[in-house]
Structures are given as C-alpha cells and as structure tokens.
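Chemist: Got a structure here, written out as structure tokens. Questions coming.
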Amino acid sequence: MKNDSSKPEWTYSESPGIEQCKKMGYDFKTQKELHHERESRYDVLIPKRFKESIRKINAPWLSEDDAEEVLRQLKIFDTNSPLEANEIAYARMVGISRGHLQPITLNQDRGDGTRPHTIKLFDFDSKDPFEKNDFLVTNQFKLLGHKDDIFPDIVLFVNGIPIVVIECKSPEISHPITSAITNNLKRYQMRNTGFEQLFYFNQILVACCGTKAKYAPTFGEAHHYKDWNDPYPLTIEYVEKQYGDSRKQEILFAGMLEPSNLLNLMRNFVVYDEGENKRVKKIAKYQQFRAVNKTIKKIESGSSPKEKGGVIWHTQGSGKSLTMVWLAQQLKRKFGNPTVLVITDRKQLDKQIHSTFKNCGFPNPIKASDKENLKSLIENNKGQTIMTTIQKFPFFKDVKPHTISDETVFVLIDEGHRSQYGLTAADMRTALPNAIFYAYTGTPLMKKSKTQSAFGSYVDKYKLSESEADGATIPIFYSSTKVNLTVDGGDSIDTVFNRIFKDKDDETKAKIRQQYANPTAIAESPDRIRKIARNIVDHYEKTIQPNGFKAIIVSMFGLIIPPILGSLQALAGYLQKSVTATTRSSNPSSKRISVIEGDVEIILCVGCSFASMGRGNNNIQSRK
Numbered sequence: 068m069k070n071d072s073s074k075p076e077w078t079y080s081e082s083p084g085i086e087q088c089k090k091m092g093y094d095f096k097t098q099k100e101l102h103h104e105r106e107s108r109y110d111v112l113i114p115k116r117f118k119e120s121i122r123k124i125n126a127p128w129l130s131e132d133d134a135e136e137v138l139r140q141l142k143i144f145d146t147n148s149p150l151e152a153n154e155i156a157y158a159r160m161v162g163i164s165r166g167h168l169q170p171i172t173l174n175q176d177r178g179d180g181t182r183p184h185t186i187k188l189f190d191f192d193s194k195d196p197f198e199k200n201d202f203l204v205t206n207q208f209k210l211l212g213h214k215d216d217i218f219p220d221i222v223l224f225v226n227g228i229p230i231v232v233i234e235c236k237s238p239e240i241s242h243p244i245t246s247a248i249t250n251n252l253k254r255y256q257m258r259n260t261g262f263e264q265l266f267y268f269n270q271i272l273v274a275c276c277g278t279k280a281k282y283a284p285t286f287g288e289a290h291h292y293k294d295w296n297d298p299y300p301l302t303i304e305y306v307e308k309q310y311g312d313s314r315k316q317e318i319l320f321a322g323m324l325e326p327s328n329l330l331n332l333m334r335n336f337v338v339y340d341e342g343e344n345k346r347v348k349k350i351a352k353y354q355q356f357r358a359v360n361k362t363i364k365k366i367e368s369g370s371s372p373k374e375k376g377g378v379i380w381h382t383q384g385s386g387k388s389l390t391m392v393w394l395a396q397q398l399k400r401k402f403g404n405p406t407v408l409v410i411t412d413r414k415q416l417d418k419q420i421h422s423t424f425k426n427c428g429f430p431n432p433i434k435a436s437d438k439e440n441l442k443s444l445i446e447n448n449k450g451q452t453i454m455t456t457i458q459k460f461p462f463f464k465d466v467k468p469h470t471i472s473d474e475t476v477f478v479l480i481d482e483g484h485r486s487q488y489g490l491t492a493a494d495m496r497t498a499l500p501n502a503i504f505y506a507y508t509g510t511p512l513m514k515k516s517k518t519q520s521a522f523g524s525y526v527d528k529y530k531l532s533e534s535e536a537d538g539a540t541i542p543i544f545y546s547s548t549k550v551n552l553t554v555d556g557g558d559s560i561d562t563v564f565n566r567i568f569k570d571k572d573d574e575t576k577a578k579i580r581q582q583y584a585n586p587t588a589i590a591e592s593p594d595r596i597r598k599i600a601r602n603i604v605d606h607y608e609k610t611i612q613p614n615g616f617k618a619i620i621v622s623m624f625g626l627i628i629p630p631i632l633g634s635l636q637a638l639a640g641y642l643q644k645s646v647t648a649t650t651r652s653s654n655p656s657s658k659r660i661s662v663i664e665g666d667v668e669i670i671l672c673v674g675c676s677f678a679s680m681g682r683g684n685n686n687i688q689s690r691k
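Right under this line is the structure:
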C-alpha cells in the first residue's frame with residue numbers, strides 16, 4: 068500500500084506522526100527501503116539493526132556469531148498463547164528472571180570462567196538513549212498474512228524489534244478511534260486475519276486521528292484504550308512549539324514515544340496481572356508514570372528524609388496500588404535493594420494491596436500476620452517488601468531505633484491523611500527515624516494540612532476534574548429535593564413561630580430561635596427524619612437502583628445518622644444487607660456509627676468531604 072497524500076488520514080495523522088518521530092530522533096525508512104533490511108516480508112524483526120545494536124550494548128563480549136545466536140533464541144516461543152508469548156518476549160527484552168520467564172543467556176568466559184551471562188537487548192541506563200540504541204520509524208509496514216496482507220500505518224522499532232504499532236485514521240470519518248481499534252488493530256493481532264507474531268514483541272498499541280489519540284497494551288480490548296494527556300517531563304507549550312501543534316496525537320507521541328520515555332515505559336511500567344478472571348497486560352497511565360518519575364527525582368535531589376518524602380494526591384480511580392507497585396520496583400533497582408513498607412489502615416486494603424503486588428509478579432511481597440511477625444520482619448529481613456496495617460505498630464516503642472535504621476527504608480502509606488497523626492504513627496516514626504515517607508491520598512488537602520506537615524510537599528497531583536475528563540471517575544451530579552416541614556394545621560414552622568411570638572422584639576426572637584429552633588434541633592426532628600428517609604428510599608428504588616448505581620448520603624449533623632439508618636432499614640428491609648454508615652466527624656463518640664455486612668449499596672456519612680466514585684483502579688481497564 069502506497070502513501071496517498073490526498074487522503075485526510077495521511078494529511079492529518081500519518082504524516083504528522085512520522086515527522087514528529089523524525090524530530091524526536093527516529094531514523095525514517097520507507098517500506099521499500101526497509102525491505103532490503105529484512106529477510107522476508109514474513110519477518111517482523113530487522114536482523115541487521117538488532118545484531119549491530121546488541122553487539123554495541125554488550126561490547127566487547129559479543130561476537131557476530133553470538134549475536135546471531137541471540138537472534139535465534141529471541142524468535143523461539145514454546146506456547147500457543149499470544150499473550151504468554153508476549154510476556155516471554157518482554158522478559159527477554161528487559162531481563163526478567165522468574166519461573167519460566169527468563170532473559171537470554173550465553174555461556175561465555177569474561178575473565179571469571181565460562182558461565183551463563185545475561186545478554187542485554189536494550190541500553191536502559193545511558194543518559195543518551197541514542198548512544199547504543201537504534202530507533203527506527205517506518206510506515207505501511209507490509210506483512211504477508213495467512214489470508215490478507217496487513218499494512219500497519221506506523222511501526223516504531225527499537226534495536227530492530229517492533230515495539231509500537233500505530234493505526235491512523237481521518238478525523239473526518241465517524242468514530243475514527245473506534246474504527247482504528249476494531250477494524251485494524253484488533254484484526255492485525257488475530258491469527259487468522261492478521262499477523263500474530265508482530266505482537267509477540269509489541270508493547271504499545273496506538274489509535275489516532277490527529278485530534279484524538281488513545282493507547283493500550285498489546286492484546287488490549289477496545290475499553291482498555293486510554294488518553295495520554297501529559298507530555299511529562301515536557302510541557303504542552305513545548306510540544307506545540309517543537310512539533311507545530313499540541314493536539315491529542317502530538318501530546319501522546321511526545322509523552323509516550325519520545326525515546327527516553329519509551330525506554331522508561333518498557334522497563335519500568337509494564338505488568339502482567341493475574342487478576343480475578345484472566346491474565347491481563349497493563350501499562351501505566353500518564354499520571355502514574357509522572358508520579359513515579361517525580362518521586363524518584365525527589366529522592367535523588369533531596370538532602371534529608373523529609374526533603375525526599377512527600378504527598379501524592381491522586382483522586383479515586385487513578386490506580387494508586389499499581390503506582391505503588393511501579394515505584395517499589397524502581398526503588399529496589401535504583402537504591403540498593405532497600406526495605407519497603409506498604410502501610411494501610413484497614414485489613415481489606417492490606418489484603419488488596421498485597422494481592423496487587425503478588426498478582427503483578429512483584430518478587431516475594433510479605434504480609435505481616437501480627438505485631439510480633441511485623442517486628443521480626445523489619446528487624447531481620449533487610450531488603451524485603453512488607454505489607455501491614457498501621458495498627459500493628461505500637462510494638463515499636465520497645466524497639467531501639469538503631470536496630471532498623473542502618474539502611475534505607477521507604478514507607479508508602481495508603482490514604483495517608485487518615486492514620487498518621489496518633490500515638491501509633493508517632494511510635495512508628497520514632498523507630499524509623501531515617502525512613503523516607505510517602506503518603507498517598509485521594510482526598511484534597513488544605514494548604515496547611517497536617518498531612519503535608521508530616522510528609523512534606525506535594526510530589527504530584529491528579530485532581531478530580533482530570534479524572535472525570537479521563538473517564539476514570541464518574542462525574543457527580545446534584546439535584547435538590549425540599550422536604551416541607553409543617554406543624555399541626557398545615558402551617559409552616561416560621562408562620563407558627565411568628566404568630567406565637569408576634570409581641571416580642573427582634574432581639575428576643577433571635578435568642579428564642581437560637582435556643583429552641585436552632586438548625587440541629589430542626590435537623591433532628593423525628594418527623595423530618597422520617598420524611599427524609601421516605602424520600603431517600605423512594606428516590607433510590609425509582610431512580611438509583613434500576614440504573615445500577617449506588618448512593619452516598621452526606622450529612623453535616625452526626626446525630627441524625629442513626630435515626631436515618633434505622634428509618635431506611637425499617638422502610639426497606641432489603642437494605643439491611645446493603646447499608647453502611649461512616650463518619651469523618653471530629654466528635655470522638657461518633658467516629659464509627661455502624662457497619663452492616665454485605666455489598667454496600669448506600670453509604671451514609673457525616674461531615675464527609677468525599678471526592679468521587681471511581682470506576683475501579685485497574686490500570687488500563689475500567690468497570691462500572
């Protein structure tokens with residue numbers, strides 16, 4: 068298939084994409100030019116570029132014959148599962164050694180006797196990504212399929228390996244992104260209609276039309292495709308100046324496909340998650356990529372534990388658990404295998420985070436079973452990644468600080484705004500005087516909040532408005548309902564009050580109102596509560612439940628929660644297994660009203676400054 072400059076998809080998407088890649092440093096070859104570098108049009112690899120690159124990376128130990136052997140091993144896949152083949156290839160490319168996942172090794176004598184040595188396929192460590200790596204962009208990359216040939220619009224190669232496949236569409240057609248995903252990218256990945264082997268090595272799929280652009284991991288479904296809305300560490304202003312525009316496509320290309328960022332994503336931000344139903348490949352969202360890289364930068368530039376630590380404010384639905392996984396992985400790689408503690412304030416969250424780490428292949432995450440077990444793990448297992456709840460920490464008052472502070476300790480605290488100000492937290496900090504603390508929160512913090520005082524400045528923010536725009540969080544819509552309160556005879560409270568106290572002056576009336584008709588007294592009126600409960604149940608049954616939604620009831624008056632909860636349960640018996648109440652009140656006596664077991668359908672909270680209801684924290688996936 069030849070380029071057709073008259074087609075809108077070429078003008079608005081394919082050509083600008085190629086030109087941007089060239090400006091970012093990619094070598095450009097047409098299909099015809101690249102044909103001479105391939106063994107055949109069945110070959111997805113570029114052998115010459117691959118061998119030259121790995122010899123440069125592994126110099127001086129790799130001969131031409133050795134490079135040929137590495138290429139042969141790279142092509143071998145003993146599996147019928149495309150996703151498993153992709154994971155095997157990924158392990159070889161980034162050097163993972165875990166179970167059946169292994170890097171490519173050769174028996175060599177490098178001055179210490181003949182033994183297996185891992186062969187690096189990419190140079191991830193040089194400051195200049197072009198020093199030893201080869202970056203290539205081509206278009207209309209022809210592959211001879213089983214039935215029909217395929218022509219991916221743009222393919223990006225690193226060291227001769229196809230890492231990114233991009234499908235371009237015209238912005239003038241209806242639903243261009245959907246068309247690119249379902250009619251092209253999905254078809255290309257199928258054994259009978261495409262060329263499956265191309266996607267054994269692929270890491271990122273992109274569908275774009277200039278004004279829009281979305282990405283997904285290999286073999287991702289249509290609902291896995293997401294926007295990349297931040298070109299970090301670049302700015303949108305820089306992108307517009309450098310590449311002539313700052314459309315969704317230019318931002319995604321600059322943020323994901325710039326050579327340094329692409330290598331970073333490949334090495335540090337890909338996981339294969341066991342999940343609940345099936346194994347799924349996941350790639351970081353832009354806010355996760357940004358937060359982790361900012362955190363690493365802050366650690367490297369800070370001169371004290373307080374300066375190295377900080378707060379990550381990412382609203383609900385941002386994927387905080389996976390952000391912790393990717394951060395922990397880099398901490399282990401960059402800072403001499405430190406001890407990492409992941410702390411929550413609830414057993415369920417503790418279990419959830421441990422499962423996330425384990426399911427994503429994080430090596431040996433340990434879940435502390437009790438206080439004594441936690442004490443033993445921290446004192447005797449240096450370099451471990453330990454999950455625990457904050458409630459297991461009071462033992463630390465009996466632990467000498469020097470016993471557990473001889474090496475770097477990183478503490479990652481989920482919902483850090485909730486649990487880090489009491490005596491338990493104080494004991495933990497006393498025992499970990501040199502630890503670097505990071506608080507993760509989905510709750511907006513005030514400028515002078517205790518959370519920032521305890522942990523340091525913001526590292527990264529991902530606000531509710533951004534989450535809603537990205538589709539990670541369901542927008543909140545408000546509708547008001549007035550419950551009219553009357554006294555006997557049908558008159559309003561104000562009418563009756565003015566009639567009874569008509570002879571009193573304004574100052575006296577105000578004092579009477581303050582003492583006997585204040586907002587709390589009115590709010591706690593049994594008649595009012597019954598009417599509110601009835602209204603809630605009617606609205607829930609008619610509008611909320613039939614549409615598959617859940618409900619949050621927010622009250623500024625803590626004392627009315629129990630009677631409302633009781634009224635709801637009395638009015639709707641089926642709600643007894645689906646109603647829970649919680650609070651963020653400063654009143655110690657009302658910290659927790661009640662919790663009723665079962666799937667939560669309605670949540671009642673007092674004084675809650677809730678931010679959002681998320682669609683799930685799965686990285687690329689989202690569920691209602």
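For the working numbering, count along the sequence shown from 1 and bump the result up by 67. Don't be surprised by glycine CBs; every beta carbon is placed ideally from N, CA and C.
#1: Decide if the segment 272-292 is in contact with the segment 231-251; the criterion is three or more beta carbon pairs, one per stretch, under 8 angstroms apart.
#2: Short check: CB of Val-476 to CB of Thr-406, under 8 angstroms?
#3: Check the DSSP bridge columns for Gly-377 and list the partner residues they point to.
#4: Have a look at Ala-158 and Thr-249 and give me their C-alpha separation to the nearest angstrom.
#5: Going by the beta-carbon positions, is the gap between Tyr-529 and Gln-354 smaller than 8 angstroms?
#6: Would you be able to state if there are at least three C-beta pairs under 8 angstroms between the segment 221-229 and the segment 197-208?
#7: Less than 8 angstroms between the beta carbons of Ile-186 and Leu-168, yes or no?
#8: Going by alpha carbons, who is nearest to Cys-276 out of Thr-562, Ser-80, Arg-108, Asp-573?
#9: Straight-line CA distance for Pro-196 to Asp-190?
#10: What's the C-alpha gap between Gly-311 and Pro-83?
#11: List the endpoints of the continuous beta strand (DSSP E) containing Thr-452.
#12: Can you give me the start and stop residues for the alpha helix (DSSP H) that Leu-319 sits inside?
#13: DSSP beta-bridge partners for Asp-707?
#14: Is the beta carbon of Ile-350 less than 8 angstroms from the beta carbon of Leu-332?
#15: I'd like to confirm the pairing. Which residues does DSSP put opposite Glu-234 in its beta bridges?
#16: Using the three-state DSSP reduction, which class does Pro-542 fall into: helix, strand or coil?
#17: Report yes if the CB atom of Ala-502 is closer than 8 angstroms to the CB atom of Val-478, and no otherwise.
#18: Distance check for Asp-570 and Thr-562, CA to CA, integer angstroms please.
#19: Could you tell me the alpha carbon to alpha carbon distance between Asn-259 and Pro-326, rounded to whole angstroms?
#20: At which residues does the alpha helix (DSSP H) containing Thr-97 begin and terminate?
#21: Got a sec? Which residues, its chain only, sit under 8 angstroms from Thr-362 by beta carbon, not counting five neighbours each side?
#22: Under 8 angstroms between the Cβ atoms of Tyr-109 and Leu-211?
#23: Is the CB-CB distance between Ala-134 and Arg-122 below 8 angstroms?
#24: Give every residue of the same chain whose Cβ lies closer than 7 angstroms to the Cβ of Arg-19, excluding the five residues on either side of it in the sequence, and list them in chain order.
#25: Go ahead and pull the three-state DSSP assignment for Phe-522.
#26: With respect to the alpha helix (DSSP H) encompassing Ala-600, which residues constitute its N-terminal and C-terminal limits?
#27: Return helix, strand or coil for Leu-168, following the three-state DSSP convention.
#28: From the DSSP output, which residues share a beta bridge with Gln-612?
#29: By how many angstroms is the C-alpha of Gly-538 removed from the C-alpha of Thr-610?
#30: What residue from His-381, Gly-523, Phe-429, Glu-608 has the CA that sits closest to Glu-535's CA?
#31: What residue range does the beta strand (DSSP E) around Leu-223 cover?
#32: Work out the CA separation of Gln-316 and Lys-236 for me, nearest whole Å.
#33: Measure the alpha-carbon distance for Lys-514 versus Thr-508 and round it to whole angstroms.
#34: Are Thr-452 and Pro-432 touching if we call contact CB-CB under 8 angstroms?
#35: Checking 8 angstroms against the spacing of the C-beta atoms, do Phe-320 and Gln-140 come in under that value?
#36: Ile-228 and Phe-286 look like a contact to me (Cβ under 8 angstroms); what is the Cβ gap, rounded to whole Å?
Modeler: This is what the structure gives:
#1: yes
#2: Locating residue 476 in the sequence shown gives position 409, counting from the first residue. Locating residue 406 in the sequence shown gives position 339, counting from the first residue. With contacts defined as CB atoms closer than 8 angstroms, Val-476 and Thr-406 qualify as a contacting pair.
#3: Mapped onto the sequence shown, residue 377 falls at position 310. Residue pairing for Gly-377: DSSP places it in a beta bridge opposite Tyr-505.
#4: Along the sequence shown, read from residue 1 onward, the residue named residue 158 stands at position 91. Along the sequence shown, read from residue 1 onward, the residue named residue 249 stands at position 182. Approximately 28 angstroms between the Cα atoms of the pair.
#5: For the purposes of this step, residue 529 is identified with residue 462 of the sequence shown, where counting begins at 1. For the purposes of this step, residue 354 is identified with residue 287 of the sequence shown, where counting begins at 1. A contact, by the Cβ cut-off of 8 angstroms.
#6: yes
#7: Here residue 186 refers to the residue found at position 119 when the sequence shown is read from its first residue. Here residue 168 refers to the residue found at position 101 when the sequence shown is read from its first residue. Taking 8 angstroms as the Cβ cut-off, Ile-186 and Leu-168 do not qualify as a contacting pair.
#8: Mapped onto the sequence shown, residue 276 falls at position 209. Closest by alpha carbon: Ser-80.
#9: For the purposes of this step, residue 196 is taken as residue 129 along the sequence shown, with counting starting at 1. For the purposes of this step, residue 190 is taken as residue 123 along the sequence shown, with counting starting at 1. In a straight line, the C-alpha of Pro-196 is about 7 angstroms away from that of Asp-190.
#10: Here residue 311 is taken as the residue at index 244 of the sequence shown, counted from 1. Here residue 83 is taken as the residue at index 16 of the sequence shown, counted from 1. Approximately 9 angstroms between the Cα atoms of the pair.
#11: Sequence index remark: in the sequence shown, residue 452 carries index 385 (1-based). For Thr-452, the enclosing beta strand (DSSP E) stretches over residues 452-456.
#12: Position 252 of the sequence shown holds residue 319. From DSSP, the alpha helix (DSSP H) with Leu-319 extends over 315-319.
#13: What is shown of the chain runs 68 to 691, which leaves residue 707 out entirely.
#14: Position 283 of the sequence shown holds residue 350. Position 265 of the sequence shown holds residue 332. Against a cut-off of 8 angstroms, the Cβ pair of Leu-332 and Ile-350 comes out as a contact.
#15: Here residue 234 corresponds to residue number 167 of the sequence shown, with the count starting at 1. Note: Glu-234 sits in a beta bridge opposite Ala-274.
#16: The residue given as residue 542 occupies position 475 in the sequence shown. Of the three classes helix, strand and coil, the one that applies to Pro-542 here is coil, per DSSP.
#17: Within the sequence shown, the letter at position 435 stands for residue 502. Within the sequence shown, the letter at position 411 stands for residue 478. Cβ atoms of Ala-502 and Val-478: closer than 8 angstroms.
#18: Within the sequence shown, residue 562 is the residue found at index 495, counting from 1. Within the sequence shown, residue 570 is the residue found at index 503, counting from 1. One alpha carbon belongs to Thr-562, the other to Asp-570, and they sit about 14 angstroms apart.
#19: The residue you call residue 259 lines up with position 192 of the sequence shown. The residue you call residue 326 lines up with position 259 of the sequence shown. Between Asn-259 and Pro-326, the C-alpha separation is close to 33 angstroms.
#20: For the purposes of this step, residue 97 is taken as residue 30 along the sequence shown, with counting starting at 1. Looking at the DSSP string, Thr-97 is not in any alpha helix (DSSP H), and its letter there is neither H nor E.
#21: Here the question's residue 362 lines up with position 295 in the sequence shown. The residues are Gly-377, Ile-379, Leu-394, Tyr-505, Val-526, Asp-527.
#22: Start at 1 with the first residue of the sequence shown, and residue 109 comes out as number 42. Start at 1 with the first residue of the sequence shown, and residue 211 comes out as number 144. Pairing Tyr-109 with Leu-211 gives a Cβ-Cβ distance under 8 angstroms.
#23: Translated into positions along the sequence shown, residue 134 becomes position 67. Translated into positions along the sequence shown, residue 122 becomes position 55. Yes.
#24: Outside the displayed span of the chain (68 to 691) sits residue 19, for which this structure offers no information.
#25: As a working mapping, residue 522 is identified with position 455 in the sequence shown. Note: Phe-522 maps to helix in three-state DSSP.
#26: As a position in the sequence shown, residue 600 is number 533, starting the count at 1. Counting along the chain, the alpha helix (DSSP H) containing Ala-600 begins and ends at 593-606.
#27: For the purposes of this step, residue 168 is taken as the residue at position 101 of the sequence shown. Here Leu-168 sits in strand by DSSP.
#28: As a first step, residue 612 must be located in the sequence shown, where it is residue number 545. Beta-bridge pairing links Gln-612 to no other residue.
#29: Within the sequence shown, residue 610 is the residue found at index 543, counting from 1. Within the sequence shown, residue 538 is the residue found at index 471, counting from 1. The straight-line gap from Cα to Cα measures roughly 22 angstroms.
#30: For this step, residue 535 is matched to residue 468 along the sequence shown. The option with the nearest alpha carbon to Glu-535 is His-381.
#31: Indexing the sequence shown from 1 puts residue 223 at position 156. Residues 221-225.
#32: Against the sequence shown, residue 236 aligns to sequence position 169. Against the sequence shown, residue 316 aligns to sequence position 249. Straight through space, the alpha carbons of Gln-316 and Lys-236 are spaced by roughly 11 angstroms.
#33: Looking up residue 514 in the sequence shown gives position 447. Looking up residue 508 in the sequence shown gives position 441. Note on Lys-514: pLDDT 49, under 50, position unreliable in the model; the coordinate value appears next. C-alpha separation (whole angstroms): 15 angstroms.
#34: Walking along the sequence shown from the start, residue 452 turns up at place 385. Walking along the sequence shown from the start, residue 432 turns up at place 365. For Thr-452 and Pro-432, yes; Cβs fall inside 8 angstroms.
#35: One-based indexing of the sequence shown puts residue 320 at position 253. One-based indexing of the sequence shown puts residue 140 at position 73. No, the pair does not count as a contact, with Cβ atoms beyond the cut-off.
#36: Taking the sequence shown and counting its residues from 1, one reaches residue 228 at position 161. Taking the sequence shown and counting its residues from 1, one reaches residue 286 at position 219. Contact flag wrong, Cβ pair sits at about 17 angstroms.
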